[in-house]
Structure formats: structure tokens, C-alpha cells
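Just below is one structure, and these are the notes that go with it.
Protein chains in written order, with the numbering used here: chain A, 3 to 65; chain B, 153 to 523.
Written out as C-alpha cells, the structure reads:
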């Protein structure tokens, strides 16, 4: 593993972490506002998180 | 139900019969395996002119774990060989235990084969069993067409058998028991209903969902079971193999493409509601999008499961790196916590795969009334 690829992997993890964190935070807000819709919000949250995770992994494997 | 269990035990017994046949070789097999691995390590370390250290050994073990194998090696000298099926101007069938006899070369109908210890693949050789490597360390020998029942294929068959017995018994119990599920399949009933009511119907729609249900249920339970098998100490890694996830993604892609309605293609090639010059820009992007969707399905499942295995094994490897009293409890605690997380990930990835497949099917079979 070379230094650029290690730094790249770190950047990917920071980006993906920020993205998933933002989704999680927003979902928390939404559930707090409308607890009765928590099921639907969770589903949407998981899908969005999975999409970001997919890109993150793709970048990690490319790097 | 009881009959099914008997059949299952009979199948297992059948395999163990072939196991006892191979038993006489087995001890020898595993000895040669470990011997060969040691030799390989020493070869590699002397080859690169540096001393083999613990970290390299852990890395080699992790790499070995992620690979498919021609032996089902469970623990120390417990394990059994699997059949090797090669197509090389004719069919060659023999047990993989033959690779561990003599100098590791198998002669079949006048052709010679050997396993490369680097990647576990079978290569054509001559009687000396020499596999040549180029300067980058890749094998340069020709490969036969390998249709072997490897460890991965074997576990897929076991999973298929398990699913078949489980769900046929569940289906039969409805008629026998007056519409109420009975037996172990009962545990799966809520999950099946969840997939129907919370994945298929909201995403595909009341009208069309039924024809997609068989695939969605199959893919969910297959991925889930196979992921769970990957967490057992059997040391198998099925969904962490990109060929498997590629096949699953291809099936989703084909179903999406061949069940797609007029509106789906219209939205790809001639997007309604945008200015005409934009339609020419959007068409290639949308067309590429149809390929990126299954590609991301493939990468997501593969990378998640592979990364999970690598991290878990690295944490177990920490135990040997620390070499002090703190290593074992730390490694055990982390590995335990991570295993629980992996249990969640196993179900979550199966759910995500099913969910996104349903989403794509929904987009394909949707009919728009507004234009």
C-alpha cells in the first residue's frame, strides 16, 4: 500500500462517514418530529445509507 | 417434516461416507496442506530475501480464507476433498485429495494438472508439476476449464437444499394444518410477509408485485443464509466472492430488462417533460444508469461481506500480534462485538439487495397515467 492510496482511503472514509452521519441525523430529526412515520423514514434512511456505502466501497476497492 | 429431516441426515451421511473413503488420505492431506503452506511461506520469504514475520503470516492466512478452495477443510485434520471436474479436450473427474499425493501432480487421461499455492487455481503442467511464474508472480501456465464442485459451490448446494426443504415443508404445512404454518418454517413466515407487505407491494405496486415475489424471496433468503453461513467457523466466504454477487446482480438486471414496460424505455430514451436538446443528453446517461444499478448491487454486497471478513480476521489476528495479557481479551471483545454487528450486516445486506431489486422492478413495471 502506497501513501497516496492510504490517504485516499482515509478521505473516502471521512466522506462516507459524513454522508451517512448526515442521513442518520436527519432521520433522527424526522422521527422526532413525526414518530408515527418512523417505519417509512427508516426504510428511506437505509436505502440512502446503502447507496453511499456502495460508492464508498467502490472507491476503496478502486484505490 | 420428520421425513425431511431424515432425508437431510441421509444426504449428510452420504457425504460423510465419501468422507470416510477419503479418511485414509485425510491426515496425509492436511499434513501436506500445512506442510505445503509452510514451504510456500518459506519459499516466498527466501525468494524476496527477507525474514517471514508474523504480520505477513496473518495476511497470508486472511488471503487464504477469502479464497475459494478445492478442499473442505474444517479444523486441523477434519475435512473432506471435493470433486474436481475439468474440461480439457474431454472430461476429467477426480477427487481433490489426489493433489496431495506424491509431488502434487494429478495425471488424468494423459494430461497433468497441479494446484498453484498462490491463488488455489488448477493449472496444466507436465509430469514434473512445475508452475511457471512471470516477474510479477502471476502464473503463466494454461488453465483448463474448471467446473469443479469447490467449497463455495458445495455450500451453495447445501444452502439450496436447506431452503428447498425449509420452504416446501412450510408450504405443505399450510394445507395439512388448516392454513396455519407449522414447524421450523413458521419462523420464516413473518419474514416472508414482511418482504411481501413492506418491500414488494410499496415498491412494485399491488397490481404487478406477484410475478416478482418468487425472485425477491429467493434472493433474500439465499443472501441471508449464505451470509450467516459465512459467520460460522466453517470458514466459507460465498457472498464475498465477486462472481456470486455478479450472478445475482445479472439476474436482477435481466429481470428488470425483460419485464420492463413501454414507459420504462420511454423514460430512458425519450424523457418526457424536458426540452428536446436535453433529451439527447439524458438518453446516454439514463442508459448507462441501467448498467450502473446492477453494478452497484454487485459491488455493495461483495465489498460489505468481504470487508466484514477481513476486519473480523484482522481483529482475531491482533491476538497474535500483541503477545501480552492485553491482546486476548481485547481481541476477543472486539471480535465478539464485531460478530454481532456482522449478524446485523448479514440481514441488512440481504434486505438492501431485495429492497433495491424491488425498486428497480417497480421502475420497470410502472405505468404512468399522466402522459
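Every residue gets a Cβ at the ideal spot worked out from N, C-alpha and C, and that includes glycine.
All figures in this text were calculated on a predicted structure; none of them were measured in a lab.
Checklist line | Near-chain A residues of the stretch 260-272 of chain B (beta-carbon distance less than 7 Å), N- to C-terminal order | finding: Within the stretch 260-272 of chain B, no residue has a Cβ that lies closer than 7 Å to any Cβ of chain A.
DSSP on residue 477 (chain B), reduced to helix/strand/coil? Coil at residue 477 (chain B), not helix or strand.
Do you know how far the Cα of residue 58 (chain A) is from the Cα of residue 214 (chain B)?
-> The straight-line gap from Cα to Cα measures roughly 22 Å.
Close beta carbons around residue 442 (chain B), own chain, < 8 Å, minus the five adjacent residues each side: So the qualifying residues of the chain are 405, 408, 409 and 420.
task: Evaluate contact between the stretch 454-464 of chain B and the stretch 377-394 of chain B, counting only Cβ atoms and requiring at least three cross-stretch pairs below 8 Å.
output: The stretch 454-464 of chain B is in contact with the stretch 377-394 of chain B.
**Prompt:** What does DSSP give as the partner residues of residue 245 (chain B) in its beta bridges?
**Reply:** According to the DSSP secondary-structure assignment, residue 245 (chain B) is paired through a beta bridge with B:237.
Identify which residue in B:331, B:397 and B:322 has its Cα closest to the Cα of residue 339 (chain B). Of the candidates B:331, B:397 and B:322, B:322 places its Cα closest to the Cα of residue 339 (chain B).
* Where does residue 264 (chain B) fall in DSSP's three states? -> Three-state DSSP puts residue 264 (chain B) in a strand.
- request: Look at the Cβ atom of residue 365 (chain B), then the Cβ atom of residue 49 (chain A), and state whether they are nearer than 8 Å.
  value: For the 8 Å CB-CB criterion, residue 365 (chain B) and residue 49 (chain A) do not form a contact.
* With DSSP as the reference, label residue 360 (chain B) as helix, strand or coil. => Under the three-state reduction of DSSP output, residue 360 (chain B) falls in the coil class, being neither helix nor strand.
query = Run through DSSP, which three-state label would residue 227 (chain B) get?
reply = In the structure shown, residue 227 (chain B) sits in a strand (DSSP, three-state: E or B).
| field | Proximal residues of chain A, C-beta to C-beta of residue 467 (chain B) below 8 Å | value | The contacting residues do not exist; residue 467 (chain B) stays about 17 Å from chain A at best.
Closer than 8 Å between beta carbons: that is the criterion. Which residues of the stretch 45-63 of chain A meet it against chain B? Answer in chain order: 45, 48, 49, 52, 53, 55, 56, 57, 59, 60, 62 and 63.
Query raised in the report: Which residues in the same chain have their Cβ closer than 8 Å to the Cβ of residue 413 (chain B), if we skip the five residues on either side of it in sequence?
Result: Closer than 8 Å at the Cβ level, and outside the excluded window around residue 413 (chain B), lie 516, 517, 518 and 519.
* To do: Let me know the secondary structure DSSP gives residue 386 (chain B) once reduced to three states.
  => Three-state result, residue 386 (chain B): coil.
Residues that residue 455 (chain B) contacts on chain A, provided the C-beta gap is smaller than 9 Å: What residue 455 (chain B) touches in chain A: 55, 56, 58, 59, 60, 62 and 63.
Checklist entry - Which one of B:225, B:274 and B:466 has the shortest CA to CA distance from residue 297 (chain B)? => result The candidate whose alpha carbon is nearest that of residue 297 (chain B) is B:274.
Q.
I'd like to know if residue 348 (chain B) contacts chain A, where contact means its C-beta is closer than 8 Å to some C-beta of that chain.
A. For residue 348 (chain B), the closest Cβ of chain A is not nearer than 8 Å.
Review point. Taking just the CA atoms, how far does residue 396 (chain B) sit from residue 451 (chain B)?
Key: Their Cα atoms are separated by approximately 11 Å.
Q. Which residues mark the beginning and the end of the alpha helix (DSSP H) in which residue 405 (chain B) is found?
A. For residue 405 (chain B), the enclosing alpha helix (DSSP H) has its first and last residue at 394-411.
Determine, using beta-carbon pairs with one atom in the stretch 283-297 of chain B and one in the stretch 230-245 of chain B, whether at least three such pairs fall under 8 Å. Yes, the stretch 283-297 of chain B touches the stretch 230-245 of chain B.
Pick from B:501, B:246 and B:487 that is closest to residue 52 (chain A), judged by C-alpha positions: That would be B:501, whose Cα lies nearest to the Cα of residue 52 (chain A).
In whole angstroms, what is the alpha-carbon distance linking residue 477 (chain B) and residue 16 (chain A)?
Here the alpha carbon of residue 477 (chain B) sits roughly 33 Å from the alpha carbon of residue 16 (chain A).
Just to confirm before moving on: does the CB-CB distance between residue 262 (chain B) and residue 219 (chain B) stay below 8 Å? It is not a contact, given that the beta carbons lie outside the stated cut-off.
| Does the beta-carbon distance from residue 302 (chain B) to residue 222 (chain B) come in below 8 Å? | Yes, these two residues count as a Cβ contact at 8 Å.
- CA-to-CA distance, residue 209 (chain B) to residue 193 (chain B), given in whole angstroms: Low local confidence applies: a pLDDT of 45 at residue 193 (chain B) is under 50, so the model's placement there is unreliable, with the coordinate-based value given in what follows. Going by the C-alpha atoms only, they are around 8 Å apart.
What does residue 448 (chain B) touch in chain A if you count any residue whose Cβ is under 8 Å from its own?
-> The contacting residues are 53, 56, 57 and 60.
Does residue 452 (chain B) have its Cβ less than 8 Å from a Cβ in chain A?
The beta-carbon of residue 452 (chain B) is placed less than 8 Å from the nearest beta-carbon of chain A.
Practice prompt. Please report how far the alpha carbon of residue 372 (chain B) lies from the alpha carbon of residue 257 (chain B), in whole angstroms.
Written response: CA-to-CA, the gap between residue 372 (chain B) and residue 257 (chain B) works out to about 41 Å.
Does residue 274 (chain B) come out as helix, strand or coil in the three-state DSSP assignment?
DSSP places residue 274 (chain B) in strand when its eight states are reduced to three.
inquiry  = Give me the DSSP bridge partner(s) of residue 258 (chain B).
reply    = When DSSP reads this structure, residue 258 (chain B) sits in a beta bridge with B:265.
task: Inspect the beta-carbon positions of residue 21 (chain A) and residue 43 (chain A) and report whether they are closer than 8 Å.
output: Between residue 21 (chain A) and residue 43 (chain A), the C-beta gap is not smaller than 8 Å, which leaves the two residues out of contact.
Between B:479, B:494, B:468 and B:495, which has its C-alpha nearest residue 211 (chain B)'s C-alpha? When the alpha-carbon of residue 211 (chain B) is set against those of B:479, B:494, B:468 and B:495, the nearest one is in B:468.
Give the DSSP-derived three-state secondary structure of residue 299 (chain B) in the structure shown. Reduced to three states, the DSSP call for residue 299 (chain B) is coil.
Does DSSP put residue 201 (chain B) in a helix, in a strand, or in coil? Confidence at residue 201 (chain B) is low in this model, with a pLDDT of 41, below 50, so its placement is unreliable and the value that follows should be read with caution. It is coil, neither helix nor strand.
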